[in-house]
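Enquirer:
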Amino acid sequence: MNKKLSIIIPVYNVQNYLRDCINSILDKSINTKMIEIILVDDGSIDNSGKICDEYDQNTDYIRAIHIKNSGQSVARNIGLEHSTGEWITYVDSDDITRDGYVELLLNILRNVDSTDEIIMFNYEPFESSSKLKEINSKLEYNSHKLRNISKAEAMYDLTTEKWGNYLWNKIFPRKILNKIPLPAGKIYEDISVLYKYFHVCNQIKIYEDIVYFYRQREGSAVHLKRAYDQYISMIQAIEARQKQLNFFKKYNYIKAFNNAKYGFMLNSVSLIKLTLQNKYEKTKTYYDAINFLKKYDCSIKRDGLKHYLFIKIFKLI
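Numbering (this note's numbering), first residue to last: 20 to 336.
Shown next as C-alpha cells:
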C-alpha cells in the first residue's frame with residue numbers, strides 16, 4: 020500500500036542523536052497508514068545501524084535499510100527508491116522536529132491543490148536538546164500561515180538564511196524528485212538541485228511557522244574538522260553555486276542572482292585561504308574563485324569588515 024508521506028532519514032555515525040531525532044517524529048495520534056519513515060544507515064561504524072534495526076523491529080511504519088558508506092546524497096536517493104509516499108520530505112539524523120510535526124505536514128498536504136507543488140516551512144538552529152524545551156510547543160495547523168509565493172520569491176528565498184538551500188525544511192512531490200536525482204558523492208547536493216526542483220514544479224507554498232530544529236554541531240557535513248575535507252567541500256560548494264548563479268542569470272531571477280553572490284563570496288574566500296595556507300593544488304575552481312572576488316563589489320555592511328578587508332587587499336595583489 021502506498022503512503023501519503025515518506026520521511027527519509029540518512030544515518031551515519033549519529034548514535035548520540037538518532038533516538039532523539041526519531042522520537043521527535045513519532046506520534047501516537049497520527050494515522051500510521053498515511054506515513055512511513057525510511058532510515059538509511061550509510062555504513063555507520065558506531066551503534067547507529069543497530070538503533071535503526073531496533074526501530075524497524077518495534078515500529079510498523081519504520082523501515083531500516085543498510086548500505087555501504089556512499090555519502091548522504093546516495094543514502095537519500097536509495098531512501099527515495101525504497102519509499103512509497105506520494106510526497107517526500109527529508110530529516111537529518113541529528114536534527115529534531117517540532118512536536119506535532121507529522122500531523123502538521125499531513126494537514127498541509129490536505130490543503131495543496133495538486134501533486135505538483137513544493138512546500139517550505141521555517142526552522143530554528145539549536146546547539147543542545149535541553150535548549151529546545153522552551154520553544155518546542157505543539158504545532159497546530161493554521162490555514163492563514165499557508166500561502167502561495169511566486170517562483171521569483173522562492174528562488175530568492177533559497178539564498179536567504181530564513182529559508183535556505185536545505186532539503187529538510189521542504190515537502191516535495193515524488194514525481195519531481197524522480198526526475199532529478201541528487202548528485203552522488205557531493206556534500207552540497209541541496210544547492211545543486213533545489214532551484215531545479217523549484218523550476219519544474221507548478222506552485223510553491225510557504226508555511227510560516229517553525230516546524231524543524233536544525234542542530235549545530237562539530238562533525239556534521241557542514242562542520243568539517245580536517246583542513247583537506249574543508250578544501251574539498253569548498254570546491255564542491257563553489258561548483259554548485261556557479262551553476263546556481265548561471266541558472267538565476269539565464270532565467271532572469273535577478274534578486275536571487277544578486278543575493279546568491281554573497282554565498283559564493285564566502286566559499287571563495289574560504290577556498291583561497293585553505294589553498295594558500297595548506298599549499299593545496301590550485302584547481303580551476305580556485306582560479307574561478309579568484310576571478311569572482313576581483314569583480315565582486317564588496318560592502319562592509321553586507322559582507323562584514325573581515326571579508327571587506329580581505330577582498331580589498333586581495334584585489335591589490
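Virtual Cβ for every residue (Gly too), placed ideally from N, Cα, C. Note that the structure is predicted; figures quoted are calculated from it, not measured.
(1) If the criterion is Cβ atoms closer than 9 Å, does the pair L290 and Y233 meet it?
(2) At which residues does the alpha helix (DSSP H) containing R8 begin and terminate?
(3) In whole angstroms, give me the CA-to-CA distance for T78 and V30.
(4) Enumerate in chain order the residues of its own chain whose CB-to-CB distance from D111 is below 7 Å, with the five nearest sequence positions on each side excluded.
(5) Residues in its own chain within less than 7 Å of G85 by CB, not counting five upstream and five downstream?
(6) If I measure Cβ to Cβ from T108 and keep anything under 6 Å in the same chain, skipping five residues before and after, which residues do I get?
(7) Considering K189, what are the terminal residues of the beta strand (DSSP E) in which it resides?
(8) Would you call G282 buried or exposed, if buried means 16 or more other Cβ atoms sit within 10 Å of its Cβ?
(9) Which residues does DSSP list as the beta-bridge partners of S25?
(10) Since E136 sits in a beta bridge, which residues does DSSP pair it with?
(11) One question on the structure: do Y185 and I199 come within less than 9 Å of each other, judged by their Cβ atoms?
(12) Are there three or more Cβ pairs, one per stretch, closer than 8 Å when the region 130-140 is compared with the region 92-103?
(13) Out of Q91, I81, V131, I195, which has the shortest C-alpha to C-alpha gap to Y219?
(14) Quick one: any contact between the region 249-264 and the region 294-302, if contact means 3 or more CB pairs under 8 Å?
(15) Which whole-angstrom value is the C-beta distance of R117 and V230, which I expect to be below 8 Å?
(16) Does DSSP put N161 in a helix, in a strand, or in coil?
(17) Going by DSSP, which residues form a beta bridge with R95?
(18) From the DSSP output, in three-state form, read off V121 for me.
(19) Is A83 helix, strand or coil by DSSP?
(20) Within the continuous alpha helix (DSSP H) that includes I319, where are the two ends?
(21) Using C-beta distances below 8 Å, list every residue in its chain close to L344, excluding the 5 sequence neighbours before and after it, in chain order.
(22) Tell me the rounded alpha-carbon separation between A259 and S211.
(23) DSSP three-state label for R129, please.
Expert: Working from what's here:
(1) Reading the sequence shown from its first residue, position 271 is the one you call residue 290. Reading the sequence shown from its first residue, position 214 is the one you call residue 233. It is not a contact, given that the beta carbons lie outside the stated cut-off.
(2) Only positions 20 to 336 of the chain appear in the structure, and residue 8 is not among them; the question remains open.
(3) In the sequence shown, residue 78 corresponds to position 59, counting from 1. In the sequence shown, residue 30 corresponds to position 11, counting from 1. Approximately 17 Å, taken between the alpha carbons.
(4) What you label residue 111 is simply residue 92 of the sequence shown in a count that begins at 1. Excluding positions up to five away in sequence, the list reads W187.
(5) Taking the sequence shown and counting its residues from 1, one reaches residue 85 at position 66. Note on residue identity: the sequence assigns His, not Gly, to residue 85. Within the same chain, H85 has close Cβ partners D60, G68.
(6) Position 89 of the sequence shown, counted from the first residue, corresponds to residue 108. Taken in chain order, the residues that qualify are I26, I190.
(7) Within the sequence shown, the letter at position 170 stands for residue 189. Looking at the DSSP string, the run of the beta strand (DSSP E) that includes K189 is 189-192.
(8) On the sequence shown, residue 282 is found 263 positions in, with the first residue counted as 1. By the neighbour-count rule (16 or more Cβ atoms within 10 Å), G282 is buried.
(9) Translated into positions along the sequence shown, residue 25 becomes position 6. The beta-bridge partner set that DSSP reports for S25 consists of E55, I107.
(10) Start at 1 with the first residue of the sequence shown, and residue 136 comes out as number 117. Secondary-structure assignment with DSSP links E136 through a beta bridge to Q222.
(11) Along the sequence shown, read from residue 1 onward, the residue named residue 185 stands at position 166. Along the sequence shown, read from residue 1 onward, the residue named residue 199 stands at position 180. No, the Cβ-Cβ distance between Y185 and I199 is not below 9 Å.
(12) no
(13) To locate residue 219, count along the sequence shown from 1; it is residue 200. Per the sequence shown, the amino acid found at residue 219 is Val instead of Tyr. Of the listed residues, the one whose Cα sits closest to V219 is I195.
(14) yes
(15) As a first step, residue 117 is located in the sequence shown; it is residue number 98 there, counting from the start. As a first step, residue 230 is located in the sequence shown; it is residue number 211 there, counting from the start. Rounded, the Cβ-Cβ distance is 5 Å, consistent with contact.
(16) Taking the first residue of the sequence shown as 1, we reach residue 161 at position 142. Coil.
(17) Within the sequence shown, residue 95 is the residue found at index 76, counting from 1. None, per the DSSP bridge assignment.
(18) The sequence position of residue 121 within the sequence shown is 102, counting from 1. Here V121 sits in helix by DSSP.
(19) Taking the first residue of the sequence shown as position 1, residue 83 is located at position 64. Three-state result, A83: strand.
(20) Locating residue 319 in the sequence shown gives position 300, counting from the first residue. Where I319 is concerned, the enclosing alpha helix (DSSP H) starts and stops at 319-322.
(21) Given a span of 20 to 336 for the chain in the structure shown, any question on residue 344 remains unanswerable.
(22) Taking the first residue of the sequence shown as position 1, residue 259 is located at position 240. Taking the first residue of the sequence shown as position 1, residue 211 is located at position 192. In a straight line, the C-alpha of A259 is about 5 Å away from that of S211.
(23) Stepping through the sequence shown from its first residue, residue 129 is reached at position 110. Coil, per DSSP.
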